[in-house]
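Engineer: Handing you a structure now.
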Amino acid sequence: MEHQKNSVTGTSSSRQRYTWREIFALALKHKPRLVRANLLAIVATIMSVPVPLLLPVLVDEVLLDEPGPVLPVMNSLLPAGWQMPAVYIGVMVLAALLLRVAALSFNVLQSREFSKVSKDVVFRVRSRLLGRLQRVAMSEYETRGSGAISSHFITDLDTIDQFLGSTISRFLVASLTVFGTAIVLLWVHWQLALLILLFNPLVIFATILIGKRVKELKRRENSAYEEFQGDLTETLDAIHQLRAANREKHYLRQLIDRARNVRDHAIQFEWRSDAASRASFALFQFGVDAFRGAAMITVLFSDLSIGMMFAIFGYLWFMLTPVQEILNMQYAWFAANAALARINRLLELKEEPRYPALENPFRDRHTVGLTLRNIHFSYGDEQVLRGISLDLAPGEKVALVGASGGGKSTLVQIILGMYTPQQGDVLIDGIPVQRIGLPCLREHVATVLQHPALFNDTVRQNLTLGRDKPDVELWEALRIAQLHPTVEAMPDKLDTVIGRQGVRLSGGQRQRLAIARMILSEPSVVILDEATSALDAETEFQLHRDLEAFLKQRTTLIIAHRLSAVKRADRACVFEDGRIIEEGHHDELIALEGLYAQLYGERQL
Ligand SMILES: Nc1ncnc2c1ncn2[C@@H]1O[C@H](COP(=O)(O)OP(=O)(O)O)[C@@H](O)[C@H]1O
Ligand SMILES: [Mg+2]
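So for the sequence shown, the UniProt record's numbering puts the first residue at 1; every next one is plus one.
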């Protein structure tokens, strides 16, 4: 949004990277829920921390017969007949059960709240990224491939999701538990507790040292996934042709190689991060043994009672789980960091230029003129267009003929702003597109391509692309496109699903569906790029005859390599070697045909 003011803003957008701060800012949008979740977590911790203390406090008073503070309280609550050791112990076990059930319930509730927050954060990131896709330059899609791009949306966001989901909810509870345990330990015997607590940072430091080595591995694992997903998508898209050419096996074998690569990298990350986390945990467990020894020695040399020693044992045990969770979080953190870096690569993809919508030449006009002025374009080193100039008056119909591979379709892409020419301008009624904006241009200029993109959806959806149109208009468009008998014969008529890429239709039917789609969009300017190449001569003739009334008031560019398709144009141009070499009015088409036949050995007029 912030670019909208600048005229032609740069094509890269390194400024808009995701940082963790932004991600947590997204989480903070759920403040009330986060507060509630935190409170629930605190209550859960308060319920669970006293549990390890319950039975050990009875050891001194019940087993060793030493006076203490607990039995007097219990005796005041219990009837005289029940005041015996088995009942004391039973009461404590019952209390432990109740506290554990309560802690469990609160923990379930807090984790539900936290997952709502983390899933929503991931959803917001995902939808923002989808918004970005809208502006990514076509050339980037072509070089990166849809599978690789979709891997960011699936694998990488999932990694971040796992990190947020586990971390936000568990980190708090784990830290609170460690903190609560620390307080109880300090209360029981502060010297011993200090020894234990000072050891904790030491373990964490050691694990960070170990953990550093696995950081890079997660990134490699996800890259391997990206390659796999890219190839898988491509192979599946072409599966029909691969099978027909009997090359399916070869491509599947290639995929297996990619899958093997995923396996190898995943193994590396998995076992090393697991080994690292086990090593740090073992270190901590050994610490626990050492502290138990220290606690026993403390009993020998100070006033620590046996019961309290057991309590310390219990708390050491109790601390193990949260400490392990905190230690493991760093691996989730490394993984999420790598995923975020990869997601930011998505944001670094080049964007289409964004032109401001300063003027709208289409407003209140049925059609407009289209001018191409000295357009030069190359995809890489090879020049495809070498100075195209063409002027279409409002309502004029111009045919462009030329050999396949000459650059005619490239010119269409340039008119639509899919590619930016290295030199030259596209103008609508004399106004350069830089002042009109690409969305406005595309809203009013409709193209029909030789191989139209169709969706595995109904005829209706393929016609309207989500616009609201009454059925009569759909049928009228189908009638002009010579497709109404076909659709009428379909089992569900307009609601028939046409299969992936429209596989249930013939090539010619797909083209006619695309023409009907173009008619429904009520464009000002129409570009037909070999739009009827798959039709038989008879149908093509009828179609052009019926299209005539529709195209009459609309500027039209008809591209073909068959002259028969351009008979109805006012004027024809020959496209050759990246330039327009010959122009002639309809009457001169005969002469043009001679030239054409010379060039391509075809005589079809
Ligand atoms: N997306 C692309 N990236 C790189 N080169 C392309 C791309 N599209 C077309 N080309 C090349 O540009 C030339 C012109 O192609 P095209 O415009 O499709 O020709 P036509 O429509 O006249 O058959 C061809 O040599 C083709 O290989
Ligand atoms: Mg073409």
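Don't be surprised by glycine CBs; every beta carbon is placed ideally from N, CA and C. The structure displayed is predicted, hence computed values, not measured ones.
1. So within the segment 275-314, which uninterrupted alpha helix (DSSP H) runs reach at least 4 residues, ignoring any that extend past its ends?
2. Under three-state DSSP, which class holds D468?
3. Extract the residue ranges of the alpha helix (DSSP H) inside the segment 200-248, only unbroken runs of 4 or more that lie entirely within it.
4. Could you check where the beta strand (DSSP E) with V448 kicks off and where it finishes?
5. For ligand 1, is there any heavy atom lying closer than 8 Å to the beta carbon of Y225?
6. Measuring straight from C-alpha to C-alpha, what distance separates Q330 and A279?
7. Quick check on the burial criterion: 16 or more other C-beta atoms within 10 angstroms. Buried or exposed for D231?
8. N328: which of L400, S151, S273, L283 sits nearest, CA to CA?
9. Can L340 and Y18 be called in contact, C-beta distance under 9 Å?
10. Can you give me the C-alpha to C-alpha distance between D60 and M319, rounded to a whole angstrom?
11. In its own chain, which residues sit with a C-beta less than 6 Å from the C-beta of L528, not counting the 5 before and 5 after it?
12. For the beta strand (DSSP E) containing Q511, name the first residue and the last one.
13. Here's the rule: buried if 16 or more other CB atoms are within 10 angstroms of the residue's CB, otherwise exposed. What is D289?
14. Less than 7 Å between C-beta atoms, sequence neighbours within five positions excluded: which residues of the same chain meet that for E325?
15. Between G380 and ligand 1, is the CB less than 8 Å from at least one heavy atom?
16. Hey, would you say the C-beta of V35 is under 8 Å away from at least one heavy atom of ligand 1?
17. Decide if H250 is buried, meaning its Cβ has at least 16 other Cβ atoms within 10 Å, or exposed.
18. Assuming L40 contacts F106 (C-beta within less than 8 Å), just tell me the rounded distance between them.
19. Can you determine whether any heavy atom of ligand 1 sits closer than 8 Å to the C-beta of T532, and answer yes or no?
20. Please name the residue in R36, M92, G395, R510 whose C-alpha comes closest to that of A534.
21. Based on Cα-Cα distance, which residue from I297, I256, K218 lies nearest to I267?
22. Got a sec: does ligand 2 put a non-hydrogen atom nearer than 8 Å to the Cβ of I559?
23. To the nearest angstrom, how far is the alpha carbon of A549 from that of P452?
24. Can you tell me whether DSSP reads T410 as helix, strand or coil?
25. Taking all protein chains shown into account, do 16 or more other C-beta atoms lie within 10 angstroms of the C-beta of M84, making it buried, or fewer, making it exposed?
26. Measuring only from the beta carbon, is Q511 closer than 8 Å to any heavy atom that is part of ligand 2?
27. Which residues bound the beta strand (DSSP E) around A399?
28. How about T464 and R517: do their beta carbons lie closer than 9 Å?
29. Please report the distance separating the alpha-carbon of I581 from that of F575.
30. On a Cα-Cα basis, can you pick out the residue from G147, G145, I168, G81 that is closest to V122?
Structural biologist: On the basis of the data shown:
1. none
2. Indexing the sequence shown from 1 puts residue 468 at position 468. Looking at D468 - three-state DSSP - the assignment turns out to be coil, as it is neither helix nor strand.
3. 215-237, 239-244
4. For the purposes of this step, residue 448 is identified with residue 448 of the sequence shown, where counting begins at 1. Segment 445-448, the beta strand (DSSP E) holding V448.
5. Walking along the sequence shown from the start, residue 225 turns up at place 225. No.
6. Locating residue 330 in the sequence shown gives position 330, counting from the first residue. Locating residue 279 in the sequence shown gives position 279, counting from the first residue. Those two C-alpha atoms are separated by around 14 Å.
7. Sequence index remark: in the sequence shown, residue 231 carries index 231 (1-based). Per the 10 Å Cβ criterion, buried.
8. The residue labelled residue 328 in the question sits at position 328 within the sequence shown. Ranking the options by Cα distance to N328, first place goes to S273.
9. Against the sequence shown, residue 340 aligns to sequence position 340. Against the sequence shown, residue 18 aligns to sequence position 18. The answer is yes: Cβ separation under 9 Å.
10. As a first step, residue 60 is located in the sequence shown; it is residue number 60 there, counting from the start. As a first step, residue 319 is located in the sequence shown; it is residue number 319 there, counting from the start. Their Cα atoms are separated by approximately 23 Å.
11. What you label residue 528 is simply residue 528 of the sequence shown in a count that begins at 1. The answer, listed in chain order, is V448, I558.
12. Within the sequence shown, residue 511 is the residue found at index 511, counting from 1. Run containing Q511: none in the beta strand (DSSP E); it sits in the alpha helix (DSSP H), 507-520.
13. Here residue 289 refers to the residue found at position 289 of the sequence shown. Exposed, because fewer than 16 other Cβ atoms sit within 10 Å of the Cβ of D289.
14. One-based indexing of the sequence shown puts residue 325 at position 325. Excluding positions up to five away in sequence, the list reads R170, A174.
15. Reading the sequence shown from its first residue, position 380 is the one you call residue 380. Under cutoff, so the answer is yes.
16. Locating residue 35 in the sequence shown gives position 35, where the first residue counts as 1. False, no ligand heavy atom lies under 8 Å from that Cβ.
17. As a working note, residue 250 is residue 250 in the sequence shown. With fewer than 16 other Cβ atoms within 10 Å, it is exposed.
18. In the sequence shown, counting from the first residue as 1, residue 40 sits at position 40. In the sequence shown, counting from the first residue as 1, residue 106 sits at position 106. Yes, they are in contact, since the Cβ atoms of L40 and F106 sit about 5 Å apart, within 8 Å.
19. The residue given as residue 532 occupies position 532 in the sequence shown. T532 Cβ: outside cutoff for every heavy atom of ligand 1.
20. By 1-based counting over the sequence shown, the position of residue 534 is 534. Minimum Cα distance to A534 is reached at R510.
21. The residue labelled residue 267 in the question sits at position 267 within the sequence shown. Checked all of I297, I256, K218; the closest Cα to I267 is K218.
22. Against the sequence shown, residue 559 aligns to sequence position 559. Yes, the Cβ of I559 comes within 8 Å of a heavy atom of ligand 2.
23. Residue mapping note: residue 549 aligns to position 549 of the sequence shown, counting from 1. Residue mapping note: residue 452 aligns to position 452 of the sequence shown, counting from 1. Approximately 23 Å, taken between the alpha carbons.
24. Working through the sequence shown from its first residue, we reach residue 410 at position 410. Helix.
25. For this step, residue 84 is matched to residue 84 along the sequence shown. M84 is exposed by the Cβ-count criterion.
26. Residue numbering aside, residue 511 sits at position 511 when the sequence shown is read from its first letter. No, the Cβ of Q511 stays beyond 8 Å of every heavy atom of ligand 2.
27. As a working note, residue 399 is residue 399 in the sequence shown. Start and end: 397-402.
28. On the sequence shown, residue 464 is found 464 positions in, with the first residue counted as 1. On the sequence shown, residue 517 is found 517 positions in, with the first residue counted as 1. Yes, the pair counts as a contact, with Cβ atoms nearer than the cut-off.
29. On the sequence shown, position 581 is the one that residue 581 refers to. On the sequence shown, position 575 is the one that residue 575 refers to. Cα to Cα, I581 sits roughly 6 Å from F575.
30. On the sequence shown, residue 122 is found 122 positions in, with the first residue counted as 1. Of the listed residues, the one whose Cα sits closest to V122 is I168.
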